[in-house]
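**Q**
2 protein chains.
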Amino acid sequence: MQNGNIQQVDGSVIRRITSGAIVIKGQRDGKSDSRVSSDVNDPSGVFCHVPGRLSLLSSTSKYKVTLAEIQRRLSPPECLNASLLGGVLRRAKSKDGGKRLRERLDKIGLSLPAGRRKAANVTLLTSLVEGEAVHLARDFGYVCETEFPAKQLAEYVCRQHNDPEIVHTRKNMCLATKNIVKELQDLLTQDRSPIGNTKPTPVLDQCIQKPLSQFSAITHGFGTPGICAALTALQHYLTEMLRQHDKPMSLSYSHDKPQSISYNKQKDMSNIVKHDKM
Amino acid sequence: MQNGNIQQVDGSVIRRITSGAIVIKGQRDGKSDSRVSSDVNDPSGVFCHVPGRLSLLSSTSKYKVTLAEIQRRLSPPECLNASLLGGVLRRAKSKDGGKRLRERLDKIGLSLPAGRRKAANVTLLTSLVEGEAVHLARDFGYVCETEFPAKQLAEYVCRQHNDPEIVHTRKNMCLATKNIVKELQDLLTQDRSPIGNTKPTPVLDQCIQKPLSQFSAITHGFGTPGICAALTALQHYLTEMLRQHDKPMSLSYSHDKPQSISYNKQKDMSNIVKHDKM
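Those protein sequence lines, which keep their order, are chains W and R.
Residue numbering for the first sequence follows full-length UniProt numbering, starting at 1 and increasing by one per position.
Residue numbering for the second sequence follows full-length UniProt numbering, starting at 1 and increasing by one per position.
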């Protein structure tokens with residue numbers, strides 16, 4: 001989906017570089033598309049700016065695409081070809097668009113032979129540049145945090161259990177789940193996959209950072225934060241489940257007014273069940 | 001991001017309907033944009049076709065947007081206004097674009113007063129029509145299934161534990177986690193939120209289907225399958241963790257060649273640890 005505007009923007013970038021290989025360095029934070037770096041020794045430099053695919057109306061963001069990002073997209077696991085890279089960068093399809101892109105990449109030391117085969121399957125995630133993929137993961141995190149019906153789901157599941165022994169076991173299972181999931185979350189938080197113009201110092205052993213970087217490369221930064229978003233929703237669900245199981249038993253059966261009904265026979269399970277530390 | 005092509009497509013749809021309110025029913029599966037239904041009594045009818053935002057090059061999908069979907073986007077929780085709905089449907093911004101869209105919606109019984117306020121925060125997910133949101137969730141599921149480094153993560157975590165008692169406890173914790181997560185997955189699988197032109201018969205109690213439908217409405221179908229994608233990755237990680245903990249102990253310390261090193265002192269933990277059924 002290219003439009004005239006984008007074509008013009010990208011076209012002008014291509015023309016400027018191919019006609020004189022003008023290197024404008026150190027202007028990476030500029031807002032104009034003309035401020036691009038084409039020095040391959042500066043991988044944090046900007047290759048081009050790409051309009052967001054998921055932007056709406058006035059909030060049309062432009063995402064910076066760094067040389068490092070281009071390098072990642074051309075390398076394994078994706079090994080994009082000129083045609084797909086052109087699509088990702090939202091260049092208009094044209095007769096010699098691929099050739100011009102290859103020429104530009106050549107000039108900055110990134111050779112892209114004609115007819116190369118891409119290595120990974122194309123998915124809808126392929127079309128996202130890293131800036132937008134990270135943005136999308138953040139927004140997914142936001143809706144998981146604010147809209148996932150963790151409480152209602154937990155209430156629903158807990159209503160199916162009223163035997164005190166089962167409730168006791170379930171509480172321990174929920175606590176165990178919280179621990180095991182937290183362990184994974186803590187591990188994923190230490191992921192230091194290179195993204196955009198940053199290449200952070202690894203914290204984790206190379207044997208684990210490398211596959212995490214590969215996962216990041218194939219999802220352009222969406223993967224790990226996307227999974228973390230869902231794990232946060234899971235933690236909310238578990239917290240609500242523990243809260244429900246701690247409630248006086250008879251409340252578990254109040255379908256209509258779960259907060260207000262109270263029977264005399266209610267027992268406070270919190271005195272019976274201890275939170276086991278696992 | 002609208003282009004001339006889309007403007008033409010959408011413009012022609014608007015003109016056709018406003019000039020004569022032509023109702024072409026029962027041609028929902030047609031490929032041309034002209035085959036749209038404008039009968040509000042047939043919510044499974046197609047309002048328009050929208051080019052995918054995340055499509056690349058030749059795989060430019062067009063997604064059907066049903067009247068039911070339009071109704072959902074105009075209702076709570078989102079309550080889109082004409083301007084945002086126009087953006088979602090990729091109409092070109094124009095002086096009276098909002099007015100024309102409102103007129104068209106009016107004709108099919110969906111009134112959209114000028115100046116109404118949207119109810120939900122706009123995120124990158126807002127711009128996706130249901131067809132593409134579901135497609136994106138499927139693709140996220142695919143990369144979670146094929147690319148998430150579950151095995152390497154599990155190996156890494158398991159290497160940090162060698163005390164047989166701790167390993168025993170950890171195995172039980174992993175089994176508990178698998179159970180609790182499976183319970184949530186099974187529940188989410190029963191979600192029957194309306195999507196596209198389907199309004200499936202609910203399986204779950206209304207008290208839980210309603211909030212799930214709300215979550216689906218705000219993410220246009222991405223939310224629950226997106227979370228399920230991550231939970232599948234989590235299950236793979238847990239399975240690998242159990243497999244690791246079942247391995248002879250000393251293997252846990254072989255950083256370089258985890259598959260080949262074998263010490264005499266190795267003990268087969270599988271004889272000591274039983275898989276508790278929880």
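The beta carbon of each residue, even a glycine, is placed where N, CA and C say it ideally should be.
I'd like the list of long-range same chain contacts for K178 of chain W, defined as Cβ closer than 7 Å, with 5 residues on each side in sequence excluded.
**A** Q235 and L238
**Q** Which chain W residues are close to residue 332 of chain R, counting only those with a beta carbon under 7 Å from its beta carbon?
**A** Because chain R here runs from 1 to 278, residue 332 of chain R falls outside it and cannot be looked at.
**Q** For V134 of chain W, go through chain R and note every residue whose CB falls closer than 8 Å to its CB, in chain order.
**A** Ordered by position in chain R, no residue passes the 8 Å Cβ test against V134 of chain W, which lies about 10 Å from the chain.
**Q** Check whether the segment 59-79 of chain R touches the segment 128-141 of chain R, taking contact to mean three or more Cβ pairs, one atom from each stretch, closer than 8 Å.
**A** yes
**Q** Helix or strand or just coil, what does DSSP make of I108 of chain W?
**A** coil
**Q** Look at the alpha carbon of E183 of chain R and the alpha carbon of Q244 of chain W, and state the distance between them as a whole number of angstroms.
**A** Rounded to whole angstroms, E183 of chain R and Q244 of chain W show a C-alpha spacing of 16 Å.
**Q** Can you tell me whether T198 of chain R is buried or exposed, with buried defined as 16 or more other CB within 10 angstroms of its CB?
**A** Exposed, since its Cβ has fewer than 16 Cβ neighbours within 10 Å.
**Q** DSSP has Y63 of chain R in a bridge; who is on the other side?
**A** R:V50
**Q** For T126 of chain W, write down the residues that DSSP places opposite it in a beta bridge.
**A** DSSP output for T126 of chain W lists no bridge partner at all.
**Q** Sort W:N162, W:V203 and W:N81 by Cα distance to V120 of chain W and report the nearest one.
**A** For the sequence presented, residue 120 of chain W should be read as Ala rather than Val. It is W:N81.
**Q** Who are T198 of chain W's beta bridge partners in DSSP?
**A** W:I195
**Q** Three Cβ pairs or more, each shorter than 8 Å: is that satisfied between the segment 190-205 of chain R and the segment 149-159 of chain R?
**A** When Cβ pairs closer than 8 Å are counted between the two stretches, the segment 190-205 of chain R is seen not to touch the segment 149-159 of chain R, the count staying below three.
**Q** In this structure, how does DSSP classify D139 of chain R when only helix, strand and coil are distinguished?
**A** Correct three-state label for D139 of chain R: helix.
**Q** I want to see whether chain R comes within less than 8 Å of R116 of chain W, judged by CB atoms only; does it?
**A** no
**Q** Could you tell me the distance, in whole angstroms, from the CA atom of G223 of chain R to the CA atom of E165 of chain R?
**A** 39 Å
**Q** Considering Cα atoms alone, identify which of W:R104, W:C207 and W:A229 is closest to G141 of chain W.
**A** W:A229
**Q** Considering Cα atoms alone, identify which of W:L54, W:R72 and W:E103 is closest to R90 of chain R.
**A** W:L54
**Q** Can you grab the Cα-Cα spacing for the pair H220 of chain W / K95 of chain W, in whole Å?
**A** 28 Å
**Q** What is the DSSP secondary structure of F215 of chain W, counted as helix, strand or coil?
**A** helix
**Q** Could you tell me whether the Cβ atoms of I227 of chain W and L187 of chain W are closer together than 8 Å?
**A** no
**Q** Terminal residues of the continuous alpha helix (DSSP H) containing E78 of chain W?
**A** Premise fails: E78 of chain W is in no alpha helix (DSSP H) and is neither H nor E.
**Q** Give me the subset of the segment 189-201 of chain W whose CB atoms are less than 9 Å from a CB atom of chain R, sorted by chain position.
**A** none
**Q** For S83 of chain W versus G98 of chain W, is the C-beta spacing smaller than 8 Å?
**A** yes
**Q** Is there a Cβ of chain R sitting closer than 8 Å to that of D246 of chain W, yes or no?
**A** no
**Q** Could you compute how far the alpha carbon of G109 of chain R sits from the alpha carbon of P200 of chain R?
**A** Here the alpha carbons of P200 of chain R and G109 of chain R stand approximately 23 Å from one another.
**Q** Contact criterion: CB-CB distance below 8 Å. Does N179 of chain W meet it with respect to chain R?
**A** Taking Cβ atoms only, chain R reaches closer than 8 Å to N179 of chain W, which makes this a yes.
**Q** List the residues of chain W whose Cβ lies closer than 8 Å to the Cβ of P149 of chain R, in chain order.
**A** I208, P211, L212, Q214 and F215
**Q** What number of angstroms, rounded off, separates the C-alpha of L125 of chain W from the C-alpha of A154 of chain W?
**A** 32 Å
**Q** Could you check the C-alpha separation between S216 of chain W and R117 of chain R for me, to the nearest Å?
**A** If you take the alpha carbons of S216 of chain W and R117 of chain R, they lie about 37 Å apart.
**Q** So, with DSSP's three-state summary, where would you put G115 of chain W?
**A** coil
**Q** So, at 6 Å on beta carbons, what are the nonlocal neighbours of C79 of chain R in its own chain, with the 5 sequence-adjacent residues on each side left out?
**A** K118 and A119
**Q** Could you tell me whether any Cβ in chain W is nearer than 8 Å to the Cβ of K257 of chain R?
**A** For K257 of chain R, the predicted structure reports a pLDDT of 36, less than 50, and the residue's modelled location is therefore unreliable. A value from the coordinates is still provided. So no, K257 of chain R is outside the interface.
**Q** Measuring alpha carbon to alpha carbon, tell me which residue in R:A68, R:A233, R:R138 and R:C207 is nearest G45 of chain R.
**A** R:A68
**Q** If A233 of chain R sits next to C174 of chain R, beta carbons under 8 Å apart, how far is it from one beta carbon to the other, in whole angstroms?
**A** So it is not a contact: roughly 15 Å between Cβ atoms.
**Q** Taking the alpha helix (DSSP H) that Q152 of chain R belongs to, which residues open and close that run?
**A** Per DSSP, Q152 of chain R is one residue of the alpha helix (DSSP H) stretching across A150 to C158.
**Q** Taking the beta carbon of T146 of chain R as the centre, do at least 16 other beta carbons fall within 10 Å, making it buried, or is it exposed?
**A** exposed
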